[in-house]
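Just so you know, we're using our numbering here: the sequence shown kicks off at 29 and counts up by one. Yeah, the Cβ is synthetic: ideal placement off N, Cα and C, and Gly gets one too.
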Amino acid sequence: MRIAYLDRTVHETDGEPKPNGDVSAISKSIDLQGSVETGDKTTIASKDFGGLYSTKPLALIKPARSDDISRVIKAASRIPRMTVAARGNGHSINGQAMTNGGLVIDMRSTEENHFRLLNINGSFFIDVSGGALWENVLTRCVSRFGLAPRSWTDYLSLTVGGTLANAGVSGQAFRYGPQISNVTELELVTGKGDITVCSETRNPELFFGSLGGLGQLGIITRARVKLQPAPDMVRWIRVVYTEFDEFTRDAEFLVSRDDGESFDYVEGFVFCNNDDPVNGWPSVPLDPVHGFNPGIIPQTGASVLYCLEVAFHYQNGDHPSTVDKAVAGLLKRLRFVEGLKSQVDLSYVEFLLRVKRAEEQAKANGIWDAPHPWLNLFISRSNIVDFDQTVFKKMVKDGIGGPMLIYPLMRSKWDNRTSVALPDSEIFYLVALLRFVSRGPSVEESVAQNREIVEWCIKEGLDFKLYLPHYQSKEEWQRHFGDQWTRFVERKASFDPMAILAPGQNIFERTHLS
29 MRIAYLDRTV HETDGEPKPN GDVSAISKSI DLQGSVETGD KTTIASKDFG
79 GLYSTKPLAL IKPARSDDIS RVIKAASRIP RMTVAARGNG HSINGQAMTN
129 GGLVIDMRST EENHFRLLNI NGSFFIDVSG GALWENVLTR CVSRFGLAPR
179 SWTDYLSLTV GGTLANAGVS GQAFRYGPQI SNVTELELVT GKGDITVCSE
229 TRNPELFFGS LGGLGQLGII TRARVKLQPA PDMVRWIRVV YTEFDEFTRD
279 AEFLVSRDDG ESFDYVEGFV FCNNDDPVNG WPSVPLDPVH GFNPGIIPQT
329 GASVLYCLEV AFHYQNGDHP STVDKAVAGL LKRLRFVEGL KSQVDLSYVE
379 FLLRVKRAEE QAKANGIWDA PHPWLNLFIS RSNIVDFDQT VFKKMVKDGI
429 GGPMLIYPLM RSKWDNRTSV ALPDSEIFYL VALLRFVSRG PSVEESVAQN
479 REIVEWCIKE GLDFKLYLPH YQSKEEWQRH FGDQWTRFVE RKASFDPMAI
529 LAPGQNIFER THLS
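Here you go:
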């Protein structure tokens, strides 16, 4: 098994040993239909959304199709220490889509390779490219077919292959599972350079191993995604809680209900009990005309409060009174603070693209390109109260300069054959601390606090996993995968035995035949 482990931190890697590669010789040897870019044109591939790491690749490959990707990987396998990283829209946080002196494949150049609607035994699916953005999949499916994928991420300027290599989670996951639970077939280029189609019944080890596999087994070039009829409209609602136990009780109640007996989307976030424009009261109202009235907050309100965010789908033909009655029937079961409810009605596409509007505002304000030392965790229901008491109410009680998400998910909606590591409990919580450094603590302070939170979770024996994981040692990765570690290593050895792919994940180090 030609696999070794990487246990070093790389923040600036210009001084690291580099592969023995001549980009012009590589270009001539592989006969690409696409293009190879070098020099200053590779700058975009030397950084990512996180802004914490910088490393320069040898070249940026813009493939025309899967054949090009295959040729690149096979060529890399013949060059000592050469590695290959697939880059979607560059939204990784810890340099996962980078490679020092290696080859970065720009998957965005393949977006138009696949877009085909299929009707299989009365169910609809869409074949899309791994380099397609989910926002484009959404708008094209809705406008052309009146259909849409069932499960999303909050931010849709991400590639299909990028989210499927992790999981793809948002407020619909409690019902349909993550995006990786809504895919029936993949085409990948493995670490051997083989172009392979896989599914639950065809090459299942590659299929399930690649879903949530962090790009370690292959590069996703096509995915077959489940579709359903798209609603026309969404009623988007936010309600406020002062007590964490009431917030979690209501959130868990909603995600545990049968289909048709709950909202269609359930998320939540923590906010500061003050007037901070980013993390305080002003961050809650959906309707800018109606502000937040802090005078309604009970005296028992602590340093942080909680917002439950839900959405109800409906059609243009539904009578307003029917929608009002259905929403009221669900809300009356909840224990939020009366008078602290905010709601708006908007189209389904507008709702799913809500973060896109926030992105545009952030870019206009000059904060989108600031570093983003984000921390994403899955935490067991049995530990979430302790996490609230220590992390939310103490460590981050003054805010982090960005959203602090928290909402429950159902383990039974995830397939345990995939590579994703999850807590053991049926109900677990996604916690996401989405920091924008330009308006909060410094990069160093943010990274140190993230480390403190993770170390506290380990010390206290919490049942948790990092989502979008990034560790620095074999021991940390073994702890992360737990009982799945051996299976993960065996899959890596089968499909990428020379550890060419995804070097930025810091899991396996490239080895080569001498």
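Across which residues does DSSP place residue i in a beta bridge pair?
{"i": "Val-338", "result": "Ile-265, Val-294"}
{"i": "Tyr-435", "result": "Leu-458"}
{"i": "Arg-361", "result": "BP columns for Arg-361 are empty, so no partner."}
{"i": "Gln-256", "result": "Ala-176"}
{"i": "Asn-147", "result": "Phe-152"}
{"i": "Gln-371", "result": "Ile-265"}
{"i": "Lys-90", "result": "Ser-63"}
{"i": "Thr-218", "result": "Gly-246"}
{"i": "Cys-300", "result": "Val-332"}
{"i": "Glu-213", "result": "Ser-227, Arg-252"}
Going by other Cβ atoms of all chains shown within 10 Å of its Cβ, with 16 needed for buried, is residue i buried or exposed?
{"i": "Pro-326", "result": "exposed"}
{"i": "Pro-316", "result": "exposed"}
{"i": "Ser-94", "result": "buried"}
{"i": "Ser-470", "result": "exposed"}
{"i": "Gly-123", "result": "buried"}
{"i": "His-318", "result": "exposed"}
{"i": "Ile-148", "result": "exposed"}
{"i": "Ala-527", "result": "buried"}
{"i": "Asn-128", "result": "buried"}
Thinking residue i and residue j are a contact (beta carbons under 8 Å), I'd like their distance in whole angstroms, please.
{"i": "Val-338", "j": "Phe-281", "result": "Not quite, the Cβ-Cβ distance comes to about 11 Å (not below 8 Å), so this is no contact."}
{"i": "Tyr-334", "j": "Phe-272", "result": "6 Å"}
{"i": "Ile-395", "j": "Arg-467", "result": "6 Å"}
{"i": "Ile-121", "j": "Trp-402", "result": "5 Å"}
{"i": "Gly-532", "j": "Ala-449", "result": "Between Ala-449 and Gly-532 the Cβ distance is about 19 Å, and since that is not below 8 Å, they are no contact."}
{"i": "Gly-62", "j": "Lys-90", "result": "5 Å"}
{"i": "Phe-523", "j": "Leu-458", "result": "At roughly 29 Å, the Cβ-Cβ gap does not stay under 8 Å, so Phe-523 and Leu-458 are not in contact."}
Taking only three categories from DSSP, how would you classify residue i?
{"i": "Ala-392", "result": "helix"}
{"i": "Lys-12", "result": "Past the boundaries of the shown model lies residue 12; the chain is included only from 29 to 542, so the question cannot be answered."}
{"i": "Asn-117", "result": "coil"}
{"i": "Arg-168", "result": "helix"}
{"i": "Glu-518", "result": "helix"}
{"i": "Ile-324", "result": "helix"}
{"i": "Leu-192", "result": "helix"}
{"i": "Val-156", "result": "strand"}
{"i": "Thr-70", "result": "helix"}
{"i": "Ser-227", "result": "strand"}
{"i": "Ala-251", "result": "strand"}
{"i": "Asp-346", "result": "coil"}
{"i": "Ser-453", "result": "coil"}
{"i": "Val-448", "result": "coil"}
{"i": "Asp-287", "result": "coil"}
{"i": "Asn-404", "result": "strand"}
{"i": "Glu-537", "result": "strand"}
{"i": "Ser-82", "result": "strand"}
{"i": "Leu-161", "result": "strand"}
{"i": "Lys-75", "result": "coil"}
{"i": "Ile-528", "result": "coil"}
{"i": "Cys-416", "result": "A small correction: the amino acid at residue 416 is Asp; Cys does not occupy that position in the sequence shown. Helix, per DSSP."}
{"i": "Phe-492", "result": "strand"}
{"i": "Phe-464", "result": "coil"}
{"i": "Leu-380", "result": "helix"}
{"i": "Ile-107", "result": "coil"}
{"i": "Glu-139", "result": "helix"}
{"i": "Leu-131", "result": "strand"}
{"i": "Thr-276", "result": "helix"}
{"i": "Val-112", "result": "strand"}
Here's a check: name, in chain order, each residue in its chain whose Cβ is nearer than 7 Å to the Cβ of residue i, leaving out the five neighbours to either side.
{"i": "Ala-103", "result": "Ile-54, Ser-57, Ile-58"}
{"i": "Gly-241", "result": "Ala-193, Ser-447"}
{"i": "Val-294", "result": "Gly-199, Phe-202, Ala-279, Leu-282, Val-283, Val-338, Tyr-435"}
{"i": "Met-135", "result": "Ala-114, Arg-115, Gly-116, Gly-158, Gly-159, Thr-187, Gly-189"}
{"i": "Phe-379", "result": "Val-262, Trp-264, Ala-339"}
{"i": "Gly-205", "result": "Ser-179, Lys-441, Trp-442"}
{"i": "Phe-153", "result": "Leu-146, Thr-212, Arg-252, Val-253, Lys-254, Leu-255"}
{"i": "Leu-541", "result": "Caution is warranted here: a pLDDT of 34 is assigned to Leu-541, below 50, making its placement in the model unreliable, and no coordinate value can be reported."}
{"i": "Glu-5", "result": "The question about residue 5 has no answer, for the chain in this structure spans 29 to 542."}
Ordered along the chain, which non-local residues of its own chain (more than five positions away) have a Cβ less than 8 Å from that of residue i?
{"i": "Gln-506", "result": "Trp-513"}
{"i": "Ala-330", "result": "Thr-270, Asn-301, Lys-421"}
{"i": "Gly-296", "result": "Phe-275, Ala-279, Tyr-334, Cys-335, Leu-336, Glu-337, Leu-433, Ile-434, Tyr-435"}
{"i": "Gly-174", "result": "Pro-257, Ala-258"}
Excluding five sequence neighbours on each side, which residues of the same chain lie with their C-beta closer than 6 Å to the C-beta of residue i?
{"i": "Ile-223", "result": "Ser-94, Ser-98, Val-217"}
{"i": "Gln-256", "result": "Arg-178"}
{"i": "Tyr-183", "result": "Val-383"}
{"i": "Val-132", "result": "Ala-73, Pro-85, Leu-88, Ala-113, Arg-115"}
{"i": "Glu-40", "result": "Caution applies to Glu-40, whose pLDDT of 47 falls short of 50 and renders its modelled position unreliable; the value that the coordinates give is listed next. Excluding positions up to five away in sequence, the list reads Ser-82."}
{"i": "Asn-404", "result": "Ala-460, Tyr-495, Leu-496"}
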